[in-house]
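Here is the structure we will look at, set down as structure tokens.
Numbering (our numbering), first residue to last: 38 to 263.
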């Protein structure tokens, strides 16, 4: 197994999207997933919009793919700040994805502890007695190096919980824990701008920066050439 991240470099975002889709198709069509469920964890924010839009028309068969979220703001599913809303608009819109394939974070429950427990139970029930290891998680990266809703000032950054509630000044959030993220079979980091790429290279070896804590043996970085 490799010791360092695999780096995919392209000149433009469109070329990067093409490479992502080619590799995604290769994974989901591989013999390991023939007639098996494939668990795909999605990211939010602005950076994957164009990727999701292209994925939605490029992948023809979604019936064996189950969808989870790496994190969510505790807002209405119709909010412009909702990661679910983003995915629904750009990825799900053109596809016949069934309700049973979608494992969203139930932000309509009355408090954060219930939302966390509900999402954690969904994950536990999905994997049953198997190792809790998603087939693929795609992550974006914030300007401070945060991934999902795990931030650099998080005093419980290495907490082993599957799912955690996060209190921030802008939004209350729910996030997968770093331990569960790192148990995923594949971790794909999406950096579709030169600014994001430069930032990643400046942070990747720093201690206790969330993006630097990703399992490098499983990490594939999709980035723009500097």
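Positions of the beta carbon are idealized from the N, C-alpha and C atoms, including for glycine.
Nothing here was measured: the structure is a model prediction, and the numbers come from that model.
Taking the straight line between their C-alpha atoms, what separation do you get for residue i and residue j?
i, j, result
"residue 186", "residue 83", "15 Å"
"residue 199", "residue 158", "10 Å"
"residue 190", "residue 130", "36 Å"
"residue 139", "residue 181", "30 Å"
"residue 174", "residue 247", "15 Å"
"residue 213", "residue 49", "30 Å"
"residue 205", "residue 262", "33 Å"
"residue 237", "residue 60", "22 Å"
"residue 115", "residue 122", "6 Å"
"residue 259", "residue 106", "19 Å"
"residue 166", "residue 231", "42 Å"
Using only alpha-carbon positions, find the residue among the options that is nearest to residue i.
i, options, result
"residue 100", "122, 213 and 73", "73"
"residue 209", "181, 59 and 149", "149"
"residue 229", "42, 145, 40 and 47", "47"
"residue 271", "81, 56 and 192", "What is shown of the chain runs 38 to 263, which leaves residue 271 out entirely."
"residue 134", "120, 109, 188 and 104", "104"
"residue 188", "77, 125, 106 and 250", "250"
"residue 97", "197, 231, 257 and 66", "66"
Go to residue i, then tell me how far its beta strand (DSSP E) extends in each direction, as first and last residue.
i, result
"residue 259", "256-261"
Quick check on residue i: does DSSP put it in helix, strand or coil?
i, result
"residue 168", "coil"
"residue 47", "strand"
"residue 79", "strand"
"residue 133", "coil"
"residue 110", "strand"
"residue 117", "coil"
"residue 4", "Because residue 4 is not part of the residues shown, which for the chain are 38 to 263, the question remains open."
"residue 246", "coil"
If I follow the unbroken alpha helix (DSSP H) through residue i, where does it start and stop?
i, result
"residue 122", "120-124"
"residue 95", "86-95"
Could you tell me which whole alpha helix (DSSP H) segments of length 4 or greater appear in the segment 168-235? 215-219
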